[in-house]
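Right, one structure below, let's go through it.
Chains as they are written, first to last, in the numbering used here: chain A, 79 to 473; chain B, 22 to 558.
Set out below in structure tokens:
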């Protein structure tokens, strides 16, 4: 429309010059003024807009996340119209967009709230929020303002695996154990009479003085469960028909095991060959063996955002990473298949003083054969076909 | 927000916007009617047409109202043409009644017998014919606009439209159509009123100057109302998009839209009326005024800068006893004043300001047009840049720009240095010590003692008896005693007086100061003699 107005103004200008009519200039000023004021107003108005998005950036699966949008006009000029559009991930919000058209007064403020349904684990971008406005007369272009991008982490589903017991060879930890080889001198279980062969360091002199007979301390055996989860997210090593479900199941298993280990106040590490969207190289950097709730949240953050892809073979990753593990650590291998080469690798792992637990996720062919191989090598083996199978570890 | 609520919000906004648009349309068409009346008035100056303004207002209002009713009527008994014909019969009769109401019922009774003889000739007389013509034009244009306005009235339908197949809205095209019509009619109004109020004889003789018309308020109102209507149609176009996407909108939006557009328009109109609409001076004269103003400003600044130097020179002349030469200036013979320019009053500052504004806006508009044109046609600009003549122009511009820049830098440097020197000069002049000039009479007794002692130290230094920085006054006195044994008492007394004046807080009497002066005279004499003796050797 601006072209038509320009043509009109030129023709009017020529006519005014021919007829020597100064009145046309007033009209020319009117149009020019409206154009300039309109452009200036809308430009200034958009620049004065401030948008704040407030929400809890982490959520567990099934939680409703309330997102509060606050839009402020910090300027004196009112904003005649402002179209606000917040892009939302389709997995969390059905329309995928939050849209509003506002009219804001001088130093006005508007607040909106919408809810995101966390239906699937992941690391979701919330936004960017795009606000656009223009002039009242439709003579200028629309001005756009792009707000910040936030992220919402939805943790994978976690099952409380209170019956899960993992083997360990690390002595003197915090977990009670049955084998006396892992006796912990800090845990006195009982006292008994001295018998020939007992170490003098075990003699309880106070008890000896009270009873008048030599008494020796009996210690409770304990282990430290230093665990490293190896999660295979190489799509090529999963069954083609169920690879997406199986990888998700593998992540759920890893998250549940991690929760169990940390809950037992044991140290845990995580290795995976999945892709990390936050990493520059997209290659996941292994999380070292640490303990504490903070570390668990770190692990869950990774498990929330990690993506399965055609990446490094599982065995290669295993060989690269086991050299960094301390002696006696327990490896929980969560994968979608178990070939002969994997068993060879596991055998070497065992020989280097580490324990291994093999967990296969999803529907696997030849399960019986794999079970036989695991029994032969004396590795604990579990096949978790669906989430219901995790019930065997639940109370 | 549910779909029903969404529809309700859209319906409210649309209702307010369309009602306002209809009011604007009535105003516009009334203004158009007034312009037509003015044209007719130019042909028939004796015609009393004041009543017709109200007729135009009423007829455009009627057209809007009837169109709305006809559109909304779900079951019509007859076709629209039938209704229109009936409508016009009523309008014609009412117009006739209005005319007779103005002329008086006596005229009606006089005319009544003629109707039976020659109905067409007597009923449709010239005044009635003109009235009907203007009324019909206003009615027709109102109908044309209102039919377009009614076409963009379907927000609620658009909310459901994405469920329907093949439904589309053409509001943008309708808006374009309406804006074209508004501009064309507006141009016609400006052109026609200018054409019929112009003095052609003066125009063709070349003696016609820009004509200022005060009776064109209706045209201004027409354009203002038209712009507001364009604003509302823009709102309608945007609303269509929002309704299609089912975006919840602010229920106050239409009200605010109207308020803000009115405020913007009032502001712009205020400024537009303040801006100049004619030039009393040509471009070169305006440039001349601007340049002379700049030069006089620079000259004033230079005078301001050099005044202290000239004042200083004047003081020096007076100090040296050279008064300004008493030469009398030759009597100046004032030139005869030029004959007063006929018809050309001295330029008041407002005229100059208006001319400057006018030419600035004029050149700005032209510059902006060229900028936009070359922005759109970058290829043409590139070709122009490659052309030899253009290259030369660009190089010349770069050269001039460079010279101007260096000139500017030089001026800034010179002015900066001058200001710096002036500041240094002022700060020096404010400090008496810097001049090393002491008026002994103005000194207190304590200061006098200090002054004589410092004179002793200075003169001693000149005579080869300089005081070492490490020497205390007593040590220096002992040193002087060795060289000037004849005035050793004076030296010791003067030193004691100095130490008293320098380090005590009690009052030093003038008597003591005069004693010190006497000591100093003796010492000075001794120093002179010593100097003479050393020269003789």
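All residues carry an ideal CB built from backbone N, CA and C; glycine is no exception. The structure presented is a predicted model; accordingly, all values stated were derived computationally and were not measured.
Can the beta-carbon of residue i be found less than 8 Å from the beta-carbon of residue j?
i	j	result
residue 206 of chain A	residue 165 of chain A	yes
residue 106 of chain A	residue 130 of chain A	no
residue 502 of chain B	residue 491 of chain B	no
residue 436 of chain A	residue 411 of chain A	yes
residue 249 of chain B	residue 45 of chain B	yes
residue 156 of chain B	residue 116 of chain B	yes
residue 345 of chain A	residue 363 of chain A	no
residue 544 of chain B	residue 514 of chain B	no
residue 83 of chain A	residue 245 of chain B	no
residue 468 of chain A	residue 316 of chain A	no
residue 297 of chain B	residue 22 of chain B	no
residue 163 of chain A	residue 147 of chain A	no
residue 470 of chain B	residue 534 of chain B	yes
Let me know the secondary structure DSSP gives residue i once reduced to three states.
i	result
residue 235 of chain A	coil
residue 405 of chain A	coil
residue 476 of chain B	helix
residue 272 of chain A	coil
residue 146 of chain B	coil
residue 155 of chain A	coil
residue 40 of chain B	helix
residue 129 of chain A	strand
residue 457 of chain A	coil
residue 201 of chain B	helix
residue 23 of chain B	coil
residue 362 of chain A	coil
residue 348 of chain B	Its pLDDT being 49, under 50, residue 348 of chain B is placed unreliably in this model, and the value from its coordinates should be taken loosely. Residue 348 of chain B falls in the coil class under three-state DSSP.
residue 507 of chain B	helix
residue 282 of chain A	coil
residue 433 of chain A	strand
residue 269 of chain B	coil
residue 141 of chain A	coil
residue 241 of chain A	coil
residue 228 of chain A	strand
residue 79 of chain A	coil
residue 290 of chain B	helix
residue 365 of chain B	Here the model assigns residue 365 of chain B a pLDDT of 48, short of 50, so the residue's position is not dependable, and the following value carries that caveat. Here residue 365 of chain B sits in coil by DSSP.
residue 526 of chain B	coil
Whose Cβ in chain A lies nearer than 7 Å to the Cβ of residue i?
i	result
residue 197 of chain B	79
residue 290 of chain B	108
residue 244 of chain B	105, 108
Note down, in chain order, every chain B residue with its Cβ under 9 Å from the Cβ of residue i.
i	result
residue 355 of chain A	Ordered by position in chain B, no residue passes the 9 Å Cβ test against residue 355 of chain A, which lies about 30 Å from the chain.
residue 203 of chain A	Going along chain B, no residue has its Cβ under 9 Å from residue 203 of chain A, so there is no contact; the nearest lies around 21 Å.
residue 177 of chain A	263, 266, 267, 268, 269
Along chain B, which residues have their Cβ under 8 Å away from the Cβ of residue i?
i	result
residue 119 of chain A	285
residue 89 of chain A	208
residue 156 of chain A	277, 281
residue 474 of chain A	As shown, chain A starts at 79 and ends at 473. That puts residue 474 of chain A outside it, with no answer to give.
residue 93 of chain A	208, 211, 212, 215
If the cut is a Cβ gap below 7 Å, which residues of chain B does residue i touch?
i	result
residue 82 of chain A	200, 201, 204
residue 180 of chain A	271
residue 102 of chain A	211
Between residue i and residue j, how many whole angstroms is the CB-CB distance? I'm expecting something under 8 Å.
i	j	result
residue 334 of chain A	residue 239 of chain A	5 Å
residue 439 of chain A	residue 328 of chain A	4 Å
residue 481 of chain B	residue 536 of chain B	Actually they are not in contact, since the Cβ atoms of residue 481 of chain B and residue 536 of chain B sit about 19 Å apart, beyond 8 Å.
residue 202 of chain A	residue 232 of chain A	7 Å
Can you pull the chain A residues whose beta carbon is under 9 Å from the beta carbon of residue i, in chain order?
i	result
residue 248 of chain B	108, 109, 112, 215
residue 255 of chain B	79, 212, 213, 214, 215, 216, 217
residue 274 of chain B	158, 159, 179, 180, 181
Considering only heavy atoms of the ligand MG, does any lie closer than 7 Å to the CB of residue i?
i	result
residue 133 of chain A	With respect to small molecules bound, the structure shown includes none, and the ligand MG cannot be examined in it.
Residue i versus chain A: which residues are under 8 Å apart at the beta carbon?
i	result
residue 317 of chain B	Correct list: empty, because the minimum Cβ distance to chain A is about 30 Å.
residue 252 of chain B	214, 215, 216
Requested in this report: Kindly provide the ranges of any beta strand (DSSP E) runs that are 3 or more residues long and lie completely inside the region 66 to 138 of chain B, ordered along the chain.
Outcome: Listed in chain order, nothing qualifies, since the region 66 to 138 of chain B has no complete beta strand (DSSP E) run of 3 or more residues.
Requested in this report: Would you mind listing the alpha helix (DSSP H) stretches within the region 286 to 360 of chain A that are 4+ residues and don't spill past its ends, in chain order?
Outcome: Correct list: 321 to 341.
Report task. Could you tell me which uninterrupted alpha helix (DSSP H) segments, each at least 4 residues in length, are contained entirely in the region 406 to 444 of chain B, listed from first to last along the chain? Result -> Residue ranges of uninterrupted alpha helix (DSSP H) with 4 or more members are absent from the region 406 to 444 of chain B; none lies entirely inside it.
Requested in this report: Would you list, in sequence order, the uninterrupted beta strand (DSSP E) runs of no fewer than 3 residues that lie entirely inside the region 194 to 220 of chain A?
Outcome: Counting only runs of 3 or more, we get 200 to 204, 207 to 211.
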